[in-house]
Structure formats: C-alpha cells, structure tokens
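Undergrad: The working numbering runs 56 ahead of the 1-based position in the sequence shown.
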Amino acid sequence: MTVADTDPARIDAPIDIDELARQRRRRVEKIASWVLPAAVILGALFAWHWTVVANEIPHYILPGPGLVWEALVENAATLFASWLITIQTTALALLAAVAGGVGLAVLFNQSRFAEMAFYPFAVILQVTPVVAVAPLILIYVTDVDLGLFVIPEKVLGMLIVAWIVAFFPILSNSTLGLRSADHNLRDLFSIYGATRWQKLRYLQIPAALPYFLGGLRIAGGLSLIGAVVAEFVAGTGGMGSGLAFRILEANYRLKTDLAFAALILIALTGVLIFALLSFLSHALLHKWHESAVKREV
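1. Identify, in the order they occur along the chain, each residue of the same chain with its Cβ nearer than 8 Å to the Cβ of threonine 312, setting aside the five sequence neighbours on each side.
2. Using the rule of at least 16 other Cβ atoms within 10 Å of the residue's Cβ for burial, across every protein chain shown, is glutamine 260 buried or exposed?
3. What residue range does the alpha helix (DSSP H) around alanine 237 cover?
4. Round the Cβ separation of leucine 299 and leucine 321 to the nearest angstrom and send it over; I've been treating them as touching at under 8 Å.
5. With 9 Å as the threshold, decide whether the Cβ of glutamine 166 is near any Cβ in chain B.
6. In terms of residues, what are the limits of the alpha helix (DSSP H) holding asparagine 307?
7. Have a look at Ala250, Phe223, Ser230 and Ala317 and flag the residue whose alpha-carbon is nearest the alpha-carbon of alanine 178.
8. Methionine 214 to serine 279, Cα distance in whole Å?
9. In this structure, how does DSSP classify isoleucine 207 when only helix, strand and coil are distinguished?
10. First and last residue of the alpha helix (DSSP H) that includes valine 179?
11. Taking the alpha helix (DSSP H) that threonine 312 falls in, what are its first and last residues?
12. Rounded to whole angstroms, what is the Cα-Cα separation between tryptophan 344 and leucine 265?
13. Apart from the five residues on each side of it in sequence, which residues of its chain come closer than 6 Å, Cβ to Cβ, to glutamine 182?
14. Which class does asparagine 200 belong to by DSSP, given the choice of helix, strand or coil?
15. Can you list, in chain order, the residues of its chain whose CB lies under 7 Å from that of leucine 163, leaving out five sequence neighbours each side?
16. Determine the extent of the alpha helix (DSSP H) in which threonine 107 is found, giving its start and end residues.
17. With DSSP collapsed to three states, give me the class of threonine 229.
18. Assign isoleucine 113 to one of three DSSP states: helix, strand, or coil.
19. Helix, strand or coil, according to DSSP, for alanine 60 in the structure here?
20. Taking three-plus beta-carbon pairs below 8 Å as touching, is the region 248-259 in contact with the region 322-338?
21. Pick out whichever of Val108, Gly270 and Ile220 has its Cα sitting closest to the Cα of glycine 156.
22. Can you tell me the Cα-Cα spacing of valine 189 and valine 217, whole angstroms?
23. Alpha helix (DSSP H) containing leucine 123: first to last residue?
24. Measuring CB atoms only, is the region 141-161 touching the region 269-288, in the sense that at least three cross pairs come out at less than 8 Å?
25. Cα separation between methionine 57 and phenylalanine 335?
26. Would DSSP call threonine 145 helix, strand or coil?
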C-alpha cells in the first residue's frame, strides 16, 4: 500500500446517488420545458403545411403557414393598430372587473344581506350568453361625457361586454378567499378585540390573495374573449377597429391568410396575458404560499 492510498486528502468523498439522480432529473426537466413545446409547435406547423400541400387545398379555404406569415408581415402596421385597440379594451375591462369584483366581494363578506340581495344578479350575468346580451348593450349605451374627455358609445359598449365576461371569476374567487381564513385565527382576533377592518386587512385579505390571483388568471383570458366578441358584434370599420373586425373584413374579401394572421395575434395575446398574470402570481406568492413554493422532489 502506498502513501497516496492512505492519505486522507486523496480519499474520495462518498457519492450521494439519490442527489445525483435528482440533479439529473432537474436538468432534464428544465431542458424539456423548452424543447418539448418547441418541438410540438414545429411538428404542428409541418403537419399543417403538409396537409395543405398534399391535399392541394386552395389558399382561400386553408392557407399554409408560409402564406399566413407573409400576410402577417405585409399587414403588420394595420394589424398592430388593431391589436392596440383590442388590448386596450381587454386591459380596461380587466381593471374594471378587478375593481368591481373585489369591491363586491368585500361588501358581500361584510354584509350577508348585501350578498343575498346582489349575488343572484352576478350569477345571472355569468350564465347569460354574452353573444345574446352584447347587441342589446351596444344599442342602449350612449356617449359618456366625463368633462375632461368623452367615451364614445362604441368603446363603452365593448368595454361593458368584456367586463361582464371577466367580472364573475374575480367576484367568486375573491369571495371564496375571504371566507377561507382560518376560523381559529378569526377567534383569536376576536379575543384580542380586533375590529372588522383589522380582521379584513391582516387576516382575510392575505388568505384571499391566492384565490384572487387564480381568478385573475382566468379573468385575463376571458376579458380578451369578451373584447373580441364585442368587436364581432359591433362590426364597425375605420381606424378604431380591433383584430376581430380585421378577421371579419378578411373573410368578406376571401383573404383567409389575413384572417389566420389576426387570429394568431389574438391567441398570442392570450398567452402573453396568462404569462404576465402567472408571473405576477408567482412574484406575490412564491416566498410564503404553499401553491408557489418550490419543493425538492
């Protein structure tokens, strides 16, 4: 036996097989989270292109992905202007849904009689098809003069339609979250003489935050759907037209590639909204809530 064989500095440390397996699994999952979606999207595009070419489908019935890309590039300025209108309506409707939903949830939590009186109307708004309500809303609304500026009736009507779609998830999730506070903690607050405002601020609102953020992610996509439905119903052209009108216009002119380009922009907008709201949820919850804390597997 040599000196090197007995030197403690030369003796290898024990290898944790389980830890190596966990590290390898984490690396594989991290790579797969990007590679698998990209591979599936590329496969779907190839299948789309092959279907069009193999079956010789006319471009006005089903354009290939290449034609859709060309239409997107050629009409980028028009589509971008329409996208700004759609995203503006979506954002305003979502903000209004948050304000109305959270405000009513707090009111319902503080007053059982208010909940019994108004909650059925919220359910009615949710279960009534927005396509049936939208034409009536666009008929009855008028211009609103706020002094500093005027909200045109078309803009206000589309905003109301999008708000109706996005409102209920915020209300229902926030109401559920405010009720989910631990009853033992509620009793403790009562023992120490906390006021209703203190219970709401320090106990119920933190308990309701994960529920609210879950409803917010749902409402973000629904507000976009409501904005698109409102634009379809409004059906007016001009510079103030959103992406939904561009789809209608393209269909009337048999420019299916342009309709697909606008539809892809709407889908990507929905993905972007969900990603931003998911990031917000993670930023607010990842340090303390079980739903967002990462655990070692």
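Yeah, the Cβ is synthetic: ideal placement off N, Cα and C, and Gly gets one too.
TA: Taking the definition as stated:
1. Excluding positions up to five away in sequence, the list reads His115, Tyr116, Ile117, Leu118, Pro119 and Ala306.
2. Glutamine 260 sits buried, since 16 or more C-beta atoms from the chains shown fall within 10 Å of its C-beta.
3. Note, alanine 237: premise wrong, no alpha helix (DSSP H); not H, not E.
4. Between leucine 321 and leucine 299 the Cβ distance is about 6 Å, and since that is below 8 Å, they are a contact.
5. The structure shown contains no chain B; it is built from a single protein chain.
6. Here the alpha helix (DSSP H) through asparagine 307 covers 299-308.
7. Closest option to alanine 178, judged by alpha-carbon separation, among Ala250, Phe223, Ser230 and Ala317: Phe223.
8. Near 11 Å, if we compare the C-alpha coordinates of serine 279 and methionine 214.
9. Here isoleucine 207 sits in strand by DSSP.
10. Unbroken alpha helix (DSSP H) run through valine 179: 168-183.
11. Boundaries of the alpha helix (DSSP H) around threonine 312: 312-341.
12. The straight-line gap separating the alpha-carbon atoms of tryptophan 344 and leucine 265 is approximately 12 Å.
13. Phe224.
14. Before going further, note that residue 200 is valine rather than asparagine in the sequence given. Valine 200: strand per DSSP, three-state reduction.
15. Within the same chain, Ala170 come within 7 Å of leucine 163 by CB-CB distance, once the 5 residues on both sides are set aside.
16. In this chain, the alpha helix (DSSP H) harbouring threonine 107 covers 73-110.
17. According to the sequence shown, residue 229 is asparagine rather than threonine. Residue state, collapsed to three classes: helix.
18. Isoleucine 113 sits in coil when the DSSP states are folded into three classes, being neither helix nor strand.
19. Summary for alanine 60: the model assigns pLDDT 48, below 50, so the residue's position carries little reliability, and this model does not support an answer.
20. The answer is no - the region 322-338 does not touch the region 248-259, with fewer than three Cβ pairs under 8 Å.
21. With distances taken between Cα atoms, glycine 156 lies closest to Ile220.
22. When only Cα atoms are considered, valine 189 and valine 217 end up about 8 Å apart.
23. 121-130 is the span of the alpha helix (DSSP H), which, as asked, contains leucine 123.
24. Taking 8 Å as the limit for Cβ pairs, the verdict is that the region 269-288 does touch the region 141-161.
25. Here the model assigns methionine 57 a pLDDT of 49, short of 50, so the residue's position is not dependable and the matter cannot be decided.
26. Assigned with DSSP and collapsed to three states, threonine 145 falls in helix.
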